[in-house]
Every structure is written in structure tokens, then in C-alpha cells.
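2 protein chains.
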Amino acid sequence: MTSSRPNIVFMLLDNLGFGDPGCYGGGVLRMAPTPRIDALASQGLRLTNFNVEHACTPTRAALMTGRLPIRSGCDRVRIGVKNGLAPWEYTMANMLSDVGYSTAIYGKWHLGNVPDRHPTALGFDEWYGIQDSTDPVFDFFNADRGIFVRETKVWEGRAGSPANETADYNPENRALMDGEITDRACRYIEEQARTGSPFFLYLPFTMIHHPALPHPDFAGVSGNGPFADCMYEVDHYTGRVIDAIDAAGIGDDTIVVWASDNGPPSHGTLGPQGDPGPFRGCLGTAYEGQMRVPCIIRWPKRIAPGRVSNDIVSILDFYGTFAAIVGGKVPTDRAMDSVDITPLLDGGASPREWVIAFVGNTLAAIKWHQYKVHYVEYGTTPGKRYKIDLEFPQLYNVAADPKEEWDIFGTNLWISEVTHGIVHAYRESVKRFPHVPLGGDGPAPVRER
Amino acid sequence: MTSSRPNIVFMLLDNLGFGDPGCYGGGVLRMAPTPRIDALASQGLRLTNFNVEHACTPTRAALMTGRLPIRSGCDRVRIGVKNGLAPWEYTMANMLSDVGYSTAIYGKWHLGNVPDRHPTALGFDEWYGIQDSTDPVFDFFNADRGIFVRETKVWEGRAGSPANETADYNPENRALMDGEITDRACRYIEEQARTGSPFFLYLPFTMIHHPALPHPDFAGVSGNGPFADCMYEVDHYTGRVIDAIDAAGIGDDTIVVWASDNGPPSHGTLGPQGDPGPFRGCLGTAYEGQMRVPCIIRWPKRIAPGRVSNDIVSILDFYGTFAAIVGGKVPTDRAMDSVDITPLLDGGASPREWVIAFVGNTLAAIKWHQYKVHYVEYGTTPGKRYKIDLEFPQLYNVAADPKEEWDIFGTNLWISEVTHGIVHAYRESVKRFPHVPLGGDGPAPVRER
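Those protein sequences? They're chains A and B, same order as listed.
First residue of the first sequence? That's 797 in our numbering, and the numbers climb one at a time after it.
First residue of the second sequence? That's 797 in our numbering, and the numbers climb one at a time after it.
Shown next, in the form of C-alpha cells:
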């Protein structure tokens, strides 16, 4: 297929679990129907084996670079210290800019808290949103009860000059944030459609991350508390973005992706949040409840409607897939982990056969077809969180046993040959292209001649 | 609404979990797509809060009588001793017969192992299938490994004379059983449709109960073992029954119900079986993973297609609902627990607000709207099964917390007023209509004048 220039609108939800949207088994069952998300799924490809990294920063690093986050120094969420992508990373926004796309991000970045690591320094023409995560609002929120206040800001910027802090990211603005992201997204889509040039709009929403503080228009709508109210809100914003695309007459050749960044956090810390659906585990583990999240891809020009696929896809893969579609450049001077999944979009199978799961810098698990090997065990019962290294790996057939409860390693030792091959190839790649140290402070790669 | 005479075809699966069919989040995710079951759901009403009893016999007793199984002496599975419904119970088959229906059951009865408790003694015109469960096949299956053999038979009978044993229910016949049930069902539907008189066809399939022994035509089709193969088979038989109904030209005014009898068994006993989807728990507990199972109702003449409802419905309710539809008699000389849910079928809300969950004769839990109170805690981790009485009840919001992990009793003591009212009403009913002793050996109720 020759290269084309579809618009790309990428909606990334925060901490939304596999089991939250209606089309993934949540919705009405959670007293929060999601008709717009479900409709999007019916118009496109719904993935049931879409794999992300173990937390916000790593997943966003994987998406933006097509590289395992441990390679770019982004293998965990770092608070209060310099963090994020090195300025020399070649992000998805860089790659799309270089083939003529306009680029914008409205929402949560979480890949750099210093000027040369802001999105407008890493390929985006413009940015509105937050630099880090929504947790500081939570601290702020508890201020009158005497709890530590960590101030955080809303940012705005354009490429070519430093971004500015424009408002406090406090509980009030947190409740308004995703509405504002949506307003700006709809305006941007309308304006860009008029130009006739292709655009990449990245919308990392701040919901459904705790604290669940719904917009005043949505407070109480679910009858089951603020989390369910926020799910109504998420569905509404999804619908507004889709409506803006379709109203602008660009629906046919716009790739819409709707996905989450990681599994829901443990109930043990926060009370009920998102739900991992049929899977075990939570954010910060390597169980399927963390690794697998919703992902819907709509592109009427090329993707048949109403399809559901359980083929393995990774958040890493959008980089190489978009590059293949638009004829963008994929760096060869660094380790790349992205797989071009256009064969899947075209109705075939995913070329990806396995994913490797790091939790921080721990190689925690490898999934190969329906088999999954764990090297670390995580306790996920509320109030009983633990992590232990395993003397022998555990093996689960996640298609037969989605809750990863029935260890079959002892009777399937053959799997080690598969996993050893995967680990060996990873280690060889690290010898050739060493990791950037944690925090993203590493030398630029030596360009190949 | 005046009474009508729709045909009724009731397919009851055995041990199939909430998460197994595709339209409930399983299917392709389990390497066992279920296109025919999913299509049935899209043509009718799919329930996401359909509640059953804790095991095979209790659920079947509830379905047949509209009475809590503890009232009819059927509160548990009894093996090797006289069991089942007392001959004076007025089953759904009796009720439908009395208003002119032809009645047949092909499949697993599990409500009586002596002649006057066989289905043909309790309202059915004809029967083909098994008297008890499929477990004895498992023992038989292990015979060459020196494990106890318990012989069991395939039965056949017509009302008016005792049923006969016609074959061994051994591993070979177990693999063929549901194909034979389906063949007979299709013939019956075709024949009955020609008569123009209404019929009630009860199809309690023997799948997906262990041992998963697929029909030779289905062995290996899934590429993920016999359980997934059997899911292919279940979907195929579902499609054949639907095709027979539609081919006979009676689809519009035939009520098709497709449901399971209880949650999947614990992995800890058998290895991976069915999956409870987003819920916790397994057969023999009172968690949602046991209580909630798939239920699809298709009736084009009266039920709008493609609807999904999370309203509470119980397996008890078909009795009163069918009685309301056909103008059948509901006994007044015994305690009845069935709620007429025709308002739900007609597009409104379910009139049922709560369910009471017994495990054996233990009142284990009460669900009221989205709140669920447990009086007993069950450990469901493989190899760590236990049961403990609770000093204080546990309360979960199952819409916010489907895995019942976050106890909110301490901050919601108001719930006790609700549950006390429900328990009080139940106790008062027992004073008026004492339970039939376990095994179903009780005196006939004194007829009211």
C-alpha cells in the first residue's frame, strides 16, 4: 500500500480499566452506560488483547517513541524530580510533522517537566493541559483537612517558545479540564479540516484517574457516585469529538483511536475505581488486568466496521503503524520495539506474536500467543499488596484462564525455549543500544552513516 | 395484556459462566467465538443481572416451581440418595400443560431419581436425557486409572408410564449427548409447529459441565483445548435450535430463553473451566460470579431487539412470568417466590428489587438494587477454599465494585433496615408454609378452599 495522509485523532483515557466501557462488559452493568464509545466500536475494530505498559509515564513513552520505556529512561512515574523523554527522542509528533502534519496535544503529557521536554519541544505545534498527573489535585483537594498541598498548574504553549503556566490545576479546574480539552479539540478539528492538510491530534484526557471529580453538569447523573458520573462524562466527550470529525466531513479518512493508558489502580489504596473486567490485577502489576485495556480503532476508509480481534497488539505499535501508513521515518540509530500492524487493520492477523512486560525495570512477564510466563508474583487483594520474586516461573493460558489462577508451568516446560529466545533478543539489543538512564538523561544516539 | 399462547423454548446451559459467551465479554477472548449466541442477544433482551441459585439442583427447582429451592427440599445437590421435587409440586410443565401446551424435556433433569419424580411424572409429556448430573461420567472416564466407577444411564420416557434406561451415560455418549438433544429438539420443533398448538420445550443441555468432552466433530476446533471446543459446540447447537424455530415459521411468537444454571466451578478443583467474567466467586458461593449468569430472551412479537438490561431478574421469575403470559395458574397453597417480569419484557423496569441467596440452607447474601450484603465469607482462591461465618455483615456496591472487594458496611448501616425487612418477610412465609425437608419428602400442601 502506498503512503497516504489520513488525519489521526488519538484519545487516551487515564486509568480506565478493560471492564469499564459497555462494549467491554461494563457500561450498564456499572450504572454508567457508554453508548458513544460502544457506537465507535461498532464502526471500527475493537481489540480485546491490546497491551500497555504498567503505568502512565511508561505507556505514554511507548506510544510517543515506539520504544520500550525502559530504553528511554521512562520506566516509571517519577515525582518531584526531573523526568521524561530526552530532547533527542524522535516522537510520533516529530515523525508526523516531518511528513507535513499539523500536530496538537490537549491533555496530560507526563513525559517531561522541564522546558526542553515539554510536548511543544518534542514535535507538537501546540499544547494545552497538564505536565504531570492528576494526583497533586488530590493533595490540593485535601488542603483544608491539613494534608500536604502540592501545587500544580495548567499549561499552554506553542512550538518555538517556552510553555506557560496559565492556571492552577486545582479541584475546580480538574472538574472542568476534560470539557476544556474537548472544546479545544472540536475547534481544532473544525479549523484543520478547513485547511485540507493532515493533522495529528493527541487527546490524553485526565479522566478517569482519581480523584473522580465530575464536571458540574455530570455530578449525580449516574446515581452511583462520582466515578460512574465521570464515565458518563468520558462517553459524552468521546461522542463530541466523533461528532466534530464527522461534521467536518473528514470521518472517512481520519484514524480515530480510543484507548486507555493502563489498568485501574488497586482498590486497596483508593476504594473502587475502574474495573479490569474478566482479568486479575491492577496498575503496577503484570497481570492481564493491568496489561490489557480497551482499544478501539476507527478508520472507515480502510478498516471494516464491527470487527473484534483478540490478536496481540501493543501500545508500542502505533508508532510503526502510523509511520507505515504515512511513509514516516522510523529511526535506525536506536532500539525500536514497534510492530507495523497494518495487516490487522486490513482484515488479517496481527504480526505481533508476543509482548514483554516490565514493571519499572523488572522484567515481570512475557505473553506469547495465549501463554503468559510470570517471573514475579504480585498480590493484588486489597490491603494485601506484595511483590515476590519467583524461584520458578508461573505459566498461565490466558485464553482458558483469564484470571491467571492455574499455573501450568510444570507440565509445559517447552515454553522456556520461547521465552529465552525473546529475552535473549532483548538483551542483545541492549548491548547494541544501551538504555538511557532513569529520568531520560542520556546521550543522543550516534547517528548511523 | 390478555393471555396469549407463545411457544416456549428454554435452553439451559450447565455451569456456563457469565464471562463465557462473546456478548458477555468472552467468545473470541477465550479463543471460542460464539456468533450464534451473540446474534440471539442482538435479536432480543440480554440481561446482565440475571440471578440463579448456587448449584444445579437448586436452580432447576427454582425454575420449575417458582419457589426458593430451600422450600421444596432441593437446596443442594444430593448424590446417591433419593432426591428431587415432591410429586405434588406443580411445575412449570404442569402449569403450561394445564392451559393446553405440549411439553417435552431433552437433557439433564437433576430434580428426582425415582419414578414419581421423573420429569414425565411432573408435567412433561416426554423426556430424553439424564436423571442426575454429568459427574458420574467423570468417574467412569477415570476407570482405567483405577478410580471409582459410578454407572449412570441415559433415560427415555413418556407421561403415563415409567421412564426407561436406554444406554450407558459413559464418556462416549457424553460427547454425543448434546448433539442428540439438539437433533431431537429440531425434530420436535418442526413437528409441533405443524400442529399449530403451543408447546414448551425445555432443553437443559449437559454442557459446559465437566468433563469437557466435545463431540468428535468439534474436537480440536478451537486450538485451545476441550473446554473451548465445547463452547464452539454449544454455540453451534444454539444456532441449530434457533434455525429450526425460524425455519418452522414460528420465530415471531416463540419465546426463546438461553441461560445458564449457575456460575463456573472453582479452578481449584478442576483446572480452568468457565469464567465468571468481571465478577468474583464460583459455584457454591454467593458472590456475583456464582449468582450472575448469562440470560438472553428473544420474543420478537413482544420484546424489542438489541436491548441490554442490568435490572435484577431471578431464575425464579420465569414461572410467574410465563403464567402471566399464558394465563396459567400460580398455586396459592404454598409459598411462591416468583415475580412477573412482563413489564421488563415490554420495555420497562423489572419489578424485582432484590434477591435472597442461599447456599445450601445457609442464608448467605441479599442483593438489593446495587447493594449486596454477605453474612458468610467464602474463600475462592484455588487451593484456598473456605467458608466462615461473619461477625458483622459485609456490604458491597456491586455496580461500583463488581468483584466485591471493598466492604462499605461500616459506613452504610442503613442497609440493615432493608435486609431485615426482607429476612423478616421470608421468615414469616416459612411460619405459614414450612419447608419441605431436604430430599423433597414432605406432605402435600393442604389445598385452600
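In this text, a Cβ means the ideal position worked out from N, Cα and C, and glycines have one as well.
Please read these numbers as outputs of a predicted model, since none were measured by experiment.
Remark: fewer than three beta-carbon pairs, one from each stretch, lie closer than 8 Å, so the region 854-870 of chain A and the region 954-974 of chain A are not flagged as touching. Assignment of residue 968/A by DSSP, reduced to helix, strand and coil, places it in the helix class. Residues of chain A with a Cβ closer than 9 Å to the Cβ of residue 1202/B are, in chain order, 1063, 1064, 1067, 1068, 1178. Across the structure, residue 1009/B and residue 1083/B are spaced so that their CA atoms are roughly 28 Å apart. For residue 835/A, no chain B residue has a C-beta closer than 7 Å to its own C-beta; the minimum C-beta separation is roughly 12 Å. For residue 1104/A, the neighbours in chain B by C-beta distance under 7 Å run, in chain order, 824.
When the Cα atoms are used, residue 949/A and residue 856/A turn out to be separated by approximately 20 Å. Taking a beta-carbon distance threshold of 7 Å, residue 844/B counts as an interface residue toward chain A.
Between residue 927/A and the set 921/A, 920/A, 952/A, the nearest pair of CA atoms involves 952/A. Residues of the region 1020-1031 of chain B whose Cβ lies closer than 9 Å to any Cβ of chain A, in chain order: 1020, 1021, 1023, 1024. Under the three-state reduction of DSSP, residue 1003/B is assigned to coil, being neither helix nor strand. Residue environment: residue 1208/B is assigned as exposed (fewer than 16 neighbouring CB atoms within 10 Å of its CB, all protein chains considered). For residue 1209/B, there is no enclosing alpha helix (DSSP H), as DSSP marks it with neither H nor E. Proximity of the region 1064-1075 of chain A to the region 812-826 of chain A meets the contact definition, three or more beta-carbon pairs being nearer than 8 Å. Interface criterion not met: the Cβ of residue 1003/B is under 7 Å from no Cβ in chain A. Here residue 1200/A has 1076, 1083, 1192 as same chain residues with Cβ atoms under 6 Å from its own Cβ, once five neighbours each way along the sequence are excluded. For residue 890/A, the enclosing alpha helix (DSSP H) has its first and last residue at 888-893. Taken atom to atom, the span from the alpha-carbon of residue 1135/B to that of residue 1210/A is near 54 Å. Residue-level contact by beta carbon holds for residue 1071/A and chain B, with a gap shorter than 7 Å. Residue environment analysis places residue 1182/B among the exposed positions, since fewer than 16 neighbouring C-beta atoms fall within 10 angstroms of its C-beta. Taking residue 1116/A as reference, the option from 1103/A, 1137/A, 1129/A, 1096/A with the minimal CA-CA separation is 1137/A.
Within the model, the alpha-carbon separation for residue 911/B versus residue 1030/A is close to 59 Å. The CB of residue 1197/A comes closer than 9 Å to the CB of 1063, 1067, 1068, 1071 in chain B, given here in chain order.
In terms of Cβ geometry, residue 892/B and residue 1094/B do not form a close pair [threshold 7 Å]. Restricted to the region 875-927 of chain B, the beta strand (DSSP E) segments that are unbroken, complete and at least 3 residues in length are 898-904, 922-926, listed in chain order. Look at residue 1048/B here: in three-state DSSP terms it is coil, with no helix or strand label. Under the Cβ criterion (8 Å, minimum of three pairs), the region 1042-1058 of chain B does not count as touching the region 1015-1028 of chain B. When the alpha-carbon of residue 842/B is set against those of 915/B, 1231/B, 1106/B, the nearest one is in 1106/B.
Residue environment: residue 1220/B is assigned as exposed (fewer than 16 neighbouring CB atoms within 10 Å of its CB, all protein chains considered).
Nearest to residue 931/A by alpha-carbon distance, out of 871/A, 1002/A, 917/A, is 1002/A. Apart from the 5 residues on each side of it in sequence, residue 821/A sits with its Cβ closer than 6 Å to the Cβ of 815, 1073 in its chain, given in chain order.
Straight through space, the alpha carbons of residue 1112/A and residue 899/A are spaced by roughly 19 Å. Residue 1010/A has a beta carbon lying at 7 Å or more from every beta carbon in chain B. Excluding its 5 nearest sequence neighbours in each direction, residue 1156/A has C-beta neighbours in its own chain below 6 Å: 871, 872, listed in chain order. At least 7 Å separates the CB of residue 1233/B from every CB of chain A.
Residue contact check for residue 827/B against chain A: a CB pair falls below 7 Å.
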